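Taking the numbering used here, the leading residue of the sequence shown gets 1, the next gets one more, and so forth.
Glycine residues also receive a C-beta, built at the ideal position from the N, C-alpha and C atoms.
Please read these numbers as outputs of a predicted model, since none were measured by experiment.
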Amino acid sequence: MRAAGFLAILLLGRGWASAAVPPAVTGEPGLLTIPVRFHVTQGATMTVKGRTMEVWVTPAQLAGPVIAEVNRIWAPARIRFVVERAEVEPLLRPEGFADLLHRVETAARGEEETRGSGRTAAIAQLLDPAQRHPTAHNVYLLPYLGATYQGYAHLGGKQVVVGVWTDKPSGGKQPPVKALLVEPEPMRVGSLARTIAHELGHNLGLVHPDKAEAAEVGRLMGGGRQGYALTPAEIAAARETARKSAAGK
Ligand SMILES: [Zn+2]
1 MRAAGFLAIL LLGRGWASAA VPPAVTGEPG LLTIPVRFHV TQGATMTVKG RTMEVWVTPA
61 QLAGPVIAEV NRIWAPARIR FVVERAEVEP LLRPEGFADL LHRVETAARG EEETRGSGRT
121 AAIAQLLDPA QRHPTAHNVY LLPYLGATYQ GYAHLGGKQV VVGVWTDKPS GGKQPPVKAL
181 LVEPEPMRVG SLARTIAHEL GHNLGLVHPD KAEAAEVGRL MGGGRQGYAL TPAEIAAARE
241 TARKSAAGK
């Protein structure tokens with residue numbers, strides 16, 4: 001009895017020891033790792049259609065299930081995002097803070113492009129440059145980004161901004177709802193993790209395919225159908241950008 005108990009402890013100890021060994025990152029040929037810093041912003045409470053919104057996502061969720069799903073999506077490209085830091089951070093409070101938030105709350109889809117609602121310019125004034133990592137991809141979580149928007153990034157950039165509340169599923173007709181952290185396949189409404197994976201795709205130089213494209217297979221970068229797939233051309237382009245970025249070019 002005593003011996004069996006001792007053996008059990010030994011085996012348990014062994015299980016812990018092997019679980020503590022990090023994955024064999026170096027042994028994977030062609031694997032590209034990309035650092036990501038998550039900024040869980042606080043202090044930009046927004047209200048849309050009676051729904052009061054703050055950032056509800058935690059650093060642990062981002063460093064856990066969210067990054068795991070982002071990496072599941074990017075695995076076919078042998079690209080792995082590694083969390084450099086995930087922390088709760090206050091936003092800047094410049095003069096006209098409430099007005100800047102109001103511009104985001106009331107931004108309608110496409111308005112920025114046609115009338116210059118200044119949505120992204122307003123958000124840029126809230127992000128603290130002192131918290132930004134100089135070379136990692138900086139992913140900022142905000143409550144909401146404007147009607148039916150879920151995230152944005154700039155082609156080849158190092159910044160992603162994502163809203164954790166969304167009214168995309170209702171086309172902006174209903175109050176925003178919390179985005180799903182992750183969504184098992186098949187994709188129905190999308191998730192925070194997919195949005196982050198999509199925006200990181202823009203950072204890695206990928207653009208939206210033509211609407212007529214990707215009608216059969218749902219693609220991460222959009223098109224006729226939304227999904228998770230990356231084409232061989234997208235994989236090659238993303239890896240090339242990641243390689244150049246790692247080399248400091
Ligand atoms: Zn996009």
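Any beta strand (DSSP E) of 3 or more consecutive residues that is wholly inside the stretch 81 to 151 = 137 to 142
Touching or not, the stretch 38 to 45 and the stretch 148 to 157, by the rule of three or more beta carbon pairs under 8 Å?
-> These segments do not touch.
How about the stretch 50 to 63 and the stretch 157 to 177: do they share at least three Cβ pairs that are nearer than 8 Å?
-> Here the stretch 50 to 63 makes contact with the stretch 157 to 177; the two share three or more CB pairs at distances below 8 Å.
GLY13, buried or exposed, once every other Cβ within 10 Å from all chains shown has been counted against 16 = As a position in the sequence shown, residue 13 is number 13, starting the count at 1. Note that GLY13 scores a pLDDT of 36, beneath 50, so its modelled location is shaky; the value from the coordinates is reported in the next line. Classification of GLY13: exposed, given that the 10 Å Cβ count is below 16.
Would you mind reading off the limits of the alpha helix (DSSP H) that contains PRO169?
-> Counting from one through the sequence shown, the residue named residue 169 turns up at place 169. No alpha helix (DSSP H) holds PRO169; DSSP gives it neither H nor E.
Under the criterion of a Cβ to heavy atom distance below 8 Å, does GLU199 qualify as lining ligand 1?
-> Here the question's residue 199 lines up with position 199 in the sequence shown. Checking the Cβ of GLU199 against ligand 1 gives yes.
Please indicate yes or no: does the CB of HIS137 lie closer than 8 Å to some heavy atom of ligand 1?
-> As a position in the sequence shown, residue 137 is number 137, starting the count at 1. For ligand 1, not one heavy atom lies less than 8 Å from the Cβ of HIS137.
Could you tell me which of ASP167, ILE79, MET187 and TYR140 sits nearest to MET161, measuring between CA atoms?
-> The residue given as residue 161 occupies position 161 in the sequence shown. The identity of residue 161 in the sequence shown is Val, whereas the question assumes Met. Minimum Cα distance to VAL161 is reached at TYR140.
With a threshold of 8 Å, establish whether the CB of MET46 neighbours any heavy atom of ligand 1.
-> As a first step, residue 46 is located in the sequence shown; it is residue number 46 there, counting from the start. Checking every heavy atom of ligand 1 against the Cβ of MET46, none is found closer than 8 Å.
Which residues in the same chain as HIS133 place their Cβ atom closer than 7 Å to its Cβ, once the five residues preceding and following it in sequence are excluded?
-> The count along the sequence shown starts at 1 and reaches residue 133 at position 133. Hits under 7 Å: ARG37 and GLU84.
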